[in-house]
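K.L.:
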Amino acid sequence: MKIAVVSHKEAEFPKLNNYIPFFVGKNANDLAEKYHGLTDNTDDNIAENNPYYSELTALYWLWKNDTSDIKGLVHYRRYFIVKNHLLNDEEIKQILTQKNKMIVGQRYTKNLKRMNVQESYEKYHFGRDLAAVKKYISEFFPTYLPSFKRIMNSHSFHPMNMMIAQRETYDSYCEWLFQILMNCDIDMEEVKKRFPFQQRVFGYLSERLLDVWIEANHIETIELETLQTNYPNSKHNRVNRFVEQRVMRAQKAVDKVKRIAQGVQK
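In this note's numbering, the protein residues as written are 19 to 284.
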């Protein structure tokens with residue numbers, strides 16, 4: 019079993035069996051040496067794309083390079099909990115008694131009461147990226163299209179790209195996911211001009227695609243509460259989110275003017 023605790027910075031990591039500090043980003047090697055962890059830049063990897071894939075570079079590495087019977091991903095500040103403690107390896111084994119099971123977090127519903135998943139994505143990110151994914155799925159995975167449409171019209175999804183599953187289930191999801199993300203028609207030159215938090219386009223897309231794959235493959239999900247260790251409701255974080263939203267609206271306004279000037283539709 020291997021559960022990657024993904025981080026791009028120094029952090030306090032759980033002292034639990036099979037939870038491995040896993041570092042991404044420009045300081046990955048130094049951090050891995052300090053904390054005796056793994057990095058996303060060895061063997062078969064996509065580490066150079068971390069600014070656009072975020073924690074997915076760790077998800078990819080585990081898929082391609084690790085043969086543990088159970089694999090999973092959590093964050094340095096987000097963990098699955100059960101009965102007020104971090105989920106341990108014995109509990110994971112007890113839950114994943116069948117191959118078609120996956121441990122995920124609780125559904126995200128914030129801002130989704132009046133908007134569905136697609137509308138929310140178009141408001142807070144760039145709708146044309148989601149449209150490119152839909153186009154690829156319709157062409158190369160047409161049997162997934164009904165599930166894609168249902169998830170996009172729903173009012174919740176499993177966020178944060180956190181999951182734990184048996185290897186066969188984990189690897190099957192990754193094979194499907196990365197084929198789409200690596201081949202859909204997203205203009206990377208345009209993506210690179212965005213503000214950093216909007217460059218993480220593939221991380222945002224995969225949060226919505228996980229439920230598409232789960233539904234289409236009849237995966238039984240075990241939803242667990244998620245402990246967020248940096249107190250996300252603090253005043254500091256509310257201010258940061260407010261600033262990000264203002265910046266996002268400004269960038270989309272500039273982007274719209276440019277596209278109108280170029281005669282390009284949304």
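Don't be surprised by glycine CBs; every beta carbon is placed ideally from N, CA and C. For clarity, every value in this text was computed on a predicted model and none was experimentally measured.
Identify the continuous alpha helix (DSSP H) that holds residue 136 and give its terminal residues.
P.N.:
Start and end: 135-142.
K.L.:
Quick one: which unbroken beta strand (DSSP E) runs of 3-plus residues sit fully inside the segment 96-125? Chain order, please.
P.N.:
Segments of the beta strand (DSSP E) lying fully in the segment 96-125: 96-100, 119-123.
K.L.:
For residue 112, which of 28, 186, 189, 182 has the nearest alpha-carbon?
P.N.:
Comparing Cα positions, the closest option is 182.
K.L.:
Taking its Cβ as the centre, do 16 or more other Cβ atoms sit within 10 Å of residue 37, making it buried, or is it exposed?
P.N.:
Buried, since its Cβ has 16 or more Cβ neighbours within 10 Å.
K.L.:
State whether the segment 21-40 contacts the segment 140-156, with contact taken as three or more CB pairs (one from each stretch) at a distance under 8 Å.
P.N.:
Touching, no, given that fewer than three Cβ pairs across the two stretches are closer than 8 Å.
K.L.:
Between which two residues does the alpha helix (DSSP H) carrying residue 174 extend?
P.N.:
Per DSSP, residue 174 belongs to no alpha helix (DSSP H) and is neither H nor E.
K.L.:
Do the segment 159-172 and the segment 58-77 make contact, defined as three or more Cβ pairs closer than 8 Å?
P.N.:
Too few Cβ pairs lie closer than 8 Å, so no.
K.L.:
Would you call the segment 223-238 and the segment 176-196 touching, i.e. three or more CB-CB distances under 8 Å?
P.N.:
Verdict: yes, contact present.
K.L.:
Look at the Cβ atom of residue 56, then the Cβ atom of residue 192, and state whether they are nearer than 8 Å.
P.N.:
For residue 56 and residue 192, no; Cβs fall outside 8 Å.
K.L.:
Where do the N-terminal and C-terminal ends of the alpha helix (DSSP H) with residue 188 fall, by residue?
P.N.:
Note, residue 188: alpha helix (DSSP H), 185-201.
K.L.:
In chain order, what residues of the same chain have a beta carbon less than 8 Å from the beta carbon of residue 119, not counting five sequence neighbours either side?
P.N.:
If we look at residue 119 and ignore the five residues flanking it on each side, its Cβ neighbours are 113, 183, 184, 187, 237, 238, 239, 240.
K.L.:
Go through its chain and collect everything with a Cβ distance to residue 169's Cβ below 8 Å, but skip five positions before and after it.
P.N.:
Closer than 8 Å at the Cβ level, and outside the excluded window around residue 169, lie 135, 175, 226, 229, 230, 233.
K.L.:
What separation, rounded to the nearest whole angstrom, lies between the Cα atoms of residue 20 and residue 150?
P.N.:
Using only the alpha carbons, I get a separation of about 33 Å.
K.L.:
Got a sec? Which residues, its chain only, sit under 6 Å from residue 245 by beta carbon, not counting five neighbours each side?
P.N.:
If we look at residue 245 and ignore the five residues flanking it on each side, its Cβ neighbours are 97, 99.
K.L.:
Nearest by alpha-carbon distance to residue 108: which of 203, 218, 34 is it?
P.N.:
Answer by Cα proximity: 34.
K.L.:
Use the C-beta contact count for residue 73: other C-beta atoms within 10 angstroms, 16 or more gives buried, fewer gives exposed.
P.N.:
Buried, since its Cβ has 16 or more Cβ neighbours within 10 Å.
K.L.:
In the structure shown, what three-state DSSP assignment does residue 46 receive?
P.N.:
Here residue 46 sits in helix by DSSP.
K.L.:
Just the C-alpha distance for residue 92 and residue 31, rounded to the nearest angstrom, thanks.
P.N.:
Looking at the two C-alpha atoms, the distance is approximately 11 Å.
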